[in-house]
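These notes are about the structure you will find just below.
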Amino acid sequence: MAEAVHIRNLVKRFDSPDSPGQSVFAVRSANLEVKPGELVTLLGPSGCGKTTLLRMVAGFEEPTSGDILFGDRRMNEVAPNRRDAAMVFQSYAIFPHLSVYENVVFGLRLKKLSADEIKKRADRVLAISGLTHMATRSPNQLSGGQQQRVALARAIIMEPRVLLFDEPLSNLDAKLRDQMRVEIRELQQRLGITTLYVTHDQIEAMSISDRIVVMNSGVIEQIGTPREVYAHPATRFVAEFIGKANFLNATVRDGQTIDVAGVPVPYVNQANAGDQLTVVLRPEAIALSDQGGDFPATVKRAMFLGNIAEYLIEVDGVGEWLVDSPNPGESGLFQPGSRVFATPSRAALHALS
Amino acid sequence: MFATARSQIRVLARDPILLALVVVIFAAILIFVVYPLAMVFLASLQDRSQWTLANYALIGERRLYRNALWNSLSVGALVGFIGVIIGYIAAFVLTRLDVPGKRLLHYLMIVPIISPPFVSAVSIVFLFGNNGLITRQLLGLMDFSIYGFHGVVWSQIFTFAPIAYLSLRGVLASISPTLEDAALNIGASRWQVFRKVTFPLSLPGVASAFLVVFIESMADFGNPLVLAGAAFPMLAPQAYLEITGSFNLPRGAMLSVILLLPSITAFAIQRYWIAKRQYVTVTGKPTASTSKVVSGPVKSFLYGLVLLFSAIVILFYGVIFVGAFTQVWGFNYTPTLNHFAYVFNVGFDTVKDTLLIAIITTPISGIFGMLVAFLVVRRTFPGKSALEFGSILSFAVPGTVVGIGYVLAFNQQPLILTGTLTILVLCFVFRYVPVGIQSGIAVLRQIDPSIEEAAQNLGASALTTFRKVTLPLIAPAFFSALVYAFVRAMTAISAAIFLVSANWNLMTVQILNQVGSGRLGVAAAYSVVVIALVLVAIIIINAIVVRMTRHMNMVRF
Ligand SMILES: Nc1ncnc2c1ncn2[C@@H]1O[C@H](COP(=O)(O)OP(=O)(O)O)[C@@H](O)[C@H]1O
Ligand SMILES: [Mg+2]
């Protein structure tokens with residue numbers, strides 16, 4: 001039942017609403033293979049084309065060119081009501097004139113299933129979603145989290161081939177967001193439905209996804225597991241968007257070593273001696289000490305965040321670095337103005353191509 | 001450009017019902033809105049089957065036509081001006097001030113909208129005519145004449161100020177009082193706040209209300225026919241007289257075109273220039289809080305003006321009501337049921353005809369309006385803006401023009417409709433559907449489109465989505481479209497007067513005929529019947545719409 005989704009050379013061009021005759025590319029040549037049962041997240045800043053891509057899969061937007069396939073069936077010409085790709089909308093899009101129960105069974109009624117079958121499936125889904133005791137309520141008596149559950153229940157009761165989410169948690173407060181995130185992931189794994197999930201929140205993407213698609217200005221910058229996109233960002237944009245990053249300009253000395261502002265740093269590489277590299281260095285991969293290390297620096301700003309201390313340091317002759325130090329004791333915090341030494345951890349370096 | 005159109009056509013082709021709807025609506029608008037208008041233009045350029053501009057040259061040559069044009073324009077401008085002042089004051093008092101009886105006063109303000117448009121003309125004749133209660137009986141004036149400029153202006157003010165009131169009410173209610181509070185807070189005086197904040201914010205609404213009243217006044221037929229008199233020609237009745245009196249179709253058509261131009265211009269300004277501004281300036285949700293912009297005495301003064309206007313409305317309708325039960329107004333005030341007996345014996349066919357036509361028109365108009373609104377807001381297809389324009393165009397086309405157009409267009413092959421019920425129904429549907437379309441558009445724009453997408457996503461076809469989701473959600477607009485369609489079908493005159501026949505007659509036409517032959521009592525009785533039927537219909541339509549959407553609670557996301 002779980003179905004692969006293939007997206008091939010997908011392009012969407014809109015006529016610009018502001019200047020007639022002009023057009024904007026919301027999605028430029030996207031290629032993506034979603035495996036059966038996999039949860040893939042589209043991640044990127046607002047306006048990068050995530051929603052547009054998702055809406056093309058749902059059938060609400062006509063691709064300018066390119067193909068969408070579910071399994072081996074081409075979907076471009078299939079009307080949205082025939083696609084069997086249930087969507088959870090950012091605004092939930094609950095029918096305000098129908099009760100919770102009627103919202104949830106809306107799609108089943110259209111399928112003309114028997115009353116028994118509808119009742120059976122509704123009872124099960126309402127129970128899974130924790131909505132059983134509010135089935136008769138009207139949607140305007142529900143909290144945000146409950147509305148979210150109705151939207152989810154309404155989608156999964158269809159037992160769709162593909163499940164689509166457009167920023168489903170963006171209207172919830174932080175606590176509820178964390179909780180719903182876990183619920184959605186557990187449900188998706190239990191049902192094994194192929195899922196495309198749109199978010200602009202990197203933590204959400206990291207925690208929920210099998211794989212992440214990082215998008216920027218309509219272009220897919222990288223596709224990979226959460227670990228891959230974090231540890232081996234393909235582009236500067238990915239490195240900056242997922243987590244925090246310092247970028248070091250380095251010169252290759254040999255296959256084992258690079259130079260950063262004259263300081264040799266061990267880094268295994270394939271480049272030729274003398275090549276210029278941009279190296280990503282994550283803030284948590286830098287050790288600070290007042291005893292000695294690779295790069296002398298001055299602390300410019302220090303913030304105590306509980307589990308970590310967040311520093312901004314000025315490295316002599318190099319520039320500013322962000323540094324996250326774990327487990328800072330109350331006493332161990334370096335004060336602004338103090339002289340320190342910063343030492344990058346070798347394993348954490350990653351050169352951008 | 002073409003690529004977009006092609007992709008839109010592809011989307012259409014995938015949804016055959018939508019495609020069929022769009023094609024049918026386009027065809028209907030072409031045949032019943034555009035084609036009759038074109039026929040009027042063509043007729044105005046002909047004289048004994050020759051192409052000529054001679055008809056238009058007559059405007060320069062003949063005083064009568066020049067005067068008619070000038071009179072219509074000046075009456076329209078003056079009524080627009082005074083109507084907007086009254087409407088603004090009433091809207092301000094009834095939305096922004098804390099005064100007693102707001103609800104009742106609101107209803108009194110809008111009564112004129114739901115009654116035949118020349119009820120006030122008949123009242124004015126009762127009160128100020130040659131045997132007028134006030135002019136003759138109370139003041140004993142012998143040589144006073146209400147006919148002409150004064151009569152028409154007064155009558156139209158009472159007919160059309162309520163329209164200005166309704167549209168300004170929306171505008172004023174949506175200006176957040178916190179803006180005024182903020183200005184007061186930084187030290188502006190009350191008058192400064194009004195001049196620098198409240199009024200500028202409502203200015204686009206004021207301009208828009210003026211233009212709407214201007215259009216209505218230009219197009220008005222009943223009031224001028226009753227009150228203008230021979231010495232004060234106006235365009236709409238003159239066009240009618242050319243055709244029914246002198247059987248001169250080309251001249252009637254020419255006068256209609258002249259009548260059409262200012263209306264279309266006003267409409268274009270209102271729609272493409274002012275409406276855009278309004279969208280930008282007036283934001284925020286309607287609020288209930290009261291304005292602190294006016295001081296106590298000013299407040300009392302404004303409230304007094306609203307009370308005065310309401311009192312005159314009561315007087316006008318009271319006079320009609322009493323007149324309907326009075327033997328011979330001005331001579332013999334004995335109560336009688338004779339006039340009603342006449343309406344229900346001699347005139348009963350007319351009552352039945354009118355009611356039947358209104359009952360057929362109402363649902364067609366309501367559903368058609370909601371469908372077009374839906375297509376315009378929610379769907380993209382080639383020619384969409386043309387369709388929207390075409391479907392609301394008839395709002396700006398004076399009824400006289402429509403009536404002449406229908407006569408010209410549908411008394412020959414391939415579509416012979418003159419003298420039938422169909423032509424009246426079609427005329428009413430296409431003439432009054434713009435208001436339904438507009439209110440449908442306004443409500444739809446406030447409903448999150450993803451609600452309808454969700455329905456589709458769950459397997460609903462376009463038609464099911466419309467029936468199960470869209471229609472219940474736009475019930476308020478649907479209701480007002482139905483009421484408007486019914487009211488207008490019951491009260492319309494200017495186009496209908498060209499289309500009635502021995503078989504199918506309308507009460508409004510009867511009222512005019514009775515006024516024309518001096519039987520004011522019967523005219524009043526007809527008016528009372530029309531108003532009563534309209535009130536009953538509103539109650540019934542409300543019940544139906546509530547039933548249709550029983551589970552509704554209007555949550556907006
Ligand atoms: N209907 C539309 N018409 C014109 N431009 C659009 C339309 N929908 C989206 N866009 C543009 O396409 C780009 C991507 O939008 P969207 O997919 O909504 O981004 P995201 O969901 O990543 O925030 C934006 O620049 C947006 O302005
Ligand atoms: Mg989005």
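These protein sequence lines map, in sequence, to chains A and B.
Heads up: the first sequence begins at 1 in the UniProt record's numbering, then just goes up one per residue.
Heads up: the second sequence begins at 1 in the UniProt record's numbering, then just goes up one per residue.
Using N, Cα and C, we set each Cβ at its ideal position, and we do this for glycine too.
- Within the DSSP bridge table, the entry for D324 of chain A names A:E310 as partners.
- In the DSSP secondary-structure assignment, W51 of chain B is bridged to B:Q46.
- Against T464 of chain B, the close residues of chain A are N81, L110, in the order they occur along the chain (beta-carbon pairs closer than 9 Å).
- Just measuring C-alpha positions, the residue of B:L58, B:N55, B:G521, B:L94 sitting nearest G323 of chain B is B:G521.
- Residue state for Y147 of chain B is assigned as coil, using DSSP reduced to three classes.
- Linking E314 of chain A to V171 of chain B through their CA atoms gives a straight-line distance of about 58 Å.
- With a cut-off of 6 Å, the C-beta of T51 of chain A is classified as near ligand 2, since at least one heavy atom of the ligand falls inside that distance.
- Under the three-state reduction of DSSP output, E61 of chain A falls in the coil class, being neither helix nor strand.
- DSSP lists no bridge partner for H339 of chain B.
- Residue environment: Y272 of chain B is assigned as exposed (fewer than 16 neighbouring CB atoms within 10 Å of its CB, all protein chains considered).
- Of all residues in the segment 427-457 of chain B, only I447, D448, P449, S450, I451, E452, E453, A454, A455, Q456, N457 place a beta-carbon less than 9 Å from a beta-carbon of chain A.
- Per DSSP, reduced to three states, the secondary structure at H232 of chain A is coil, with no helix or strand assignment.
- Contacts with chain A at 7 Å (Cβ-Cβ) do not include P382 of chain B.
- P476 of chain B is outside the set of residues whose beta carbon lies under 7 Å from a beta carbon in chain A.
- In its chain, beyond the 5 residues on either side, A455 have a beta carbon closer than 8 Å to the beta carbon of T464 of chain B.
- Judged by DSSP secondary structure, F341 of chain A falls within the beta strand (DSSP E) whose first and last residues are 339-344.
- Within its own chain, the residues whose Cβ lies closer than 6 Å to the Cβ of V260 of chain A, once the five positions on either side in sequence are excluded, are L248, A250, listed in chain order.
- Under the Cβ criterion of 7 Å, F106 of chain A is counted among the residues facing chain B.
- Relative to the non-hydrogen atoms of ligand 1, the Cβ of C427 of chain B never comes closer than 6 Å to any of them.
- At a cut-off of 7 Å, the C-beta of S16 of chain A has no neighbouring C-beta in chain B.
- The beta-bridge partner set that DSSP reports for P264 of chain A consists of A:D259.
- DSSP places I212 of chain A outside any alpha helix (DSSP H); the residue lies instead in the beta strand (DSSP E), whose first and last residues are 211-216.
- The segment 406-422 of chain B and the segment 60-67 of chain B do not touch, with fewer than 3 CB-CB distances between them shorter than 8 Å.
- Q446 of chain B sits in coil when the DSSP states are folded into three classes, being neither helix nor strand.
- In terms of Cβ geometry, P160 of chain A and A58 of chain A do not form a close pair [threshold 7 Å].
- For H350 of chain A, not one C-beta of chain B is nearer than 7 Å to its own C-beta.
- Chain order gives the chain A residues near A460 of chain B as N81, L110, where near means a beta carbon separation below 7 Å.
- Contact annotation for L473 of chain B against chain A: F95, P96, H97 [CB-CB distance below 9 Å, chain order].
- Within chain B, the C-beta atoms nearer than 7 Å to that of F60 of chain A come from E453, in chain order.
- Residue side-chain check: G323 of chain B keeps its Cβ at 6 Å or more from all non-hydrogen atoms of ligand 1.
- Of the residues A:A115, A:E3, A:K12, the one whose Cα lies closest to the Cα of L69 of chain A is A:E3.
- Scanning chain A for C-beta atoms nearer than 7 Å to the C-beta of V99 of chain B yields nothing, as the closest lies near 33 Å away.
- For N332 of chain B, the beta-bridge partners assigned by DSSP are B:V328.
- Of the heavy atoms belonging to ligand 1, none sits nearer than 6 Å to the Cβ of F334 of chain A.
- Here the alpha carbons of L506 of chain B and W51 of chain B stand approximately 36 Å from one another.
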